[in-house]
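Below is one structure; the comments refer to it alone.
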Amino acid sequence: MPEPISAALLRRLERAARTAAKASYSPYSKFRVGAAVLADSGRIYSGTNVENASYGLANCAERTAIFTAIAAGERAITAVVVYTPTPRPTMPCGACRQVINEFGPDAGIVSVCDSKHRAVTTLAKLLPEAFGPRDLK
Ligand code: THU
Numbered sequence: 009m010p011e012p013i014s015a016a017l018l019r020r021l022e023r024a025a026r027t028a029a030k031a032s033y034s035p036y037s038k039f040r041v042g043a044a045v046l047a048d049s050g051r052i053y054s055g056t057n058v059e060n061a062s063y064g065l066a067n068c069a070e071r072t073a074i075f076t077a078i079a080a081g082e083r084a085i086t087a088v089v090v091y092t093p094t095p096r097p098t099m100p101c102g103a104c105r106q107v108i109n110e111f112g113p114d115a116g117i118v119s120v121c122d123s124k125h126r127a128v129t130t131l132a133k134l135l136p137e138a139f140g141p142r143d144l145k
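Here is the structure:
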């Protein structure tokens, strides 16, 4: 289990996720999502959802943030913060859970929204008994 992150770091992640949502390319769903991930280097990477006229090709905010971290050379993430423009927090989709598992099986997950409500959980709770890298060894 990773150490719990400080309130100050969580605020930075939350701000990064909210800011990232402003760049959302979501002309079809009009659902502007932002995400920020904390890498084990201590750096924060953010991302937003990127949709496509071929709807099934949409990439979620979480995966954009994770792929950006990996492309920068990171290999482990310890926290994921998701912002959705909703009255209640929403959870990462199944595909994103699997991608989070690849790089952060012990990651903490925090979902924030347009109200004071938030959800705080772990990837292990969202994707129990996951298939992952170890299964291919
Ligand atoms: N979406 C995300 O970016 N993250 C989530 O956790 C849920 C869904 C995006 C995908 C699509 O662009 C839009 O939200 C509607 O599903």
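Residues in the sequence shown are numbered consecutively from 9, following my numbering.
We put the beta carbon where it would ideally sit given N, CA and C, even for glycine.
In the structure shown, isoleucine 13 falls within a coil segment according to DSSP collapsed to helix, strand and coil. Exclusion of proline 93 from the 7 Å shell around ligand 1 follows from its C-beta lying no nearer than that to any non-hydrogen atom of the ligand. Within the same chain, Gly140 and Pro141 come within 7 Å of glutamate 110 by CB-CB distance, once the 5 residues on both sides are set aside.
Excluding the 5 residues flanking it on each side, arginine 126 has same chain C-beta neighbours closer than 7 Å at Pro97, Val118, Ser119 and Val120, in chain order. Collapsing the DSSP output to three states places leucine 46 in a strand. In this structure, the straight-line span from the alpha carbon of arginine 19 to that of leucine 46 is close to 12 Å.
Closer than 7 Å to some heavy atom of ligand 1: that describes the Cβ of glutamate 70.
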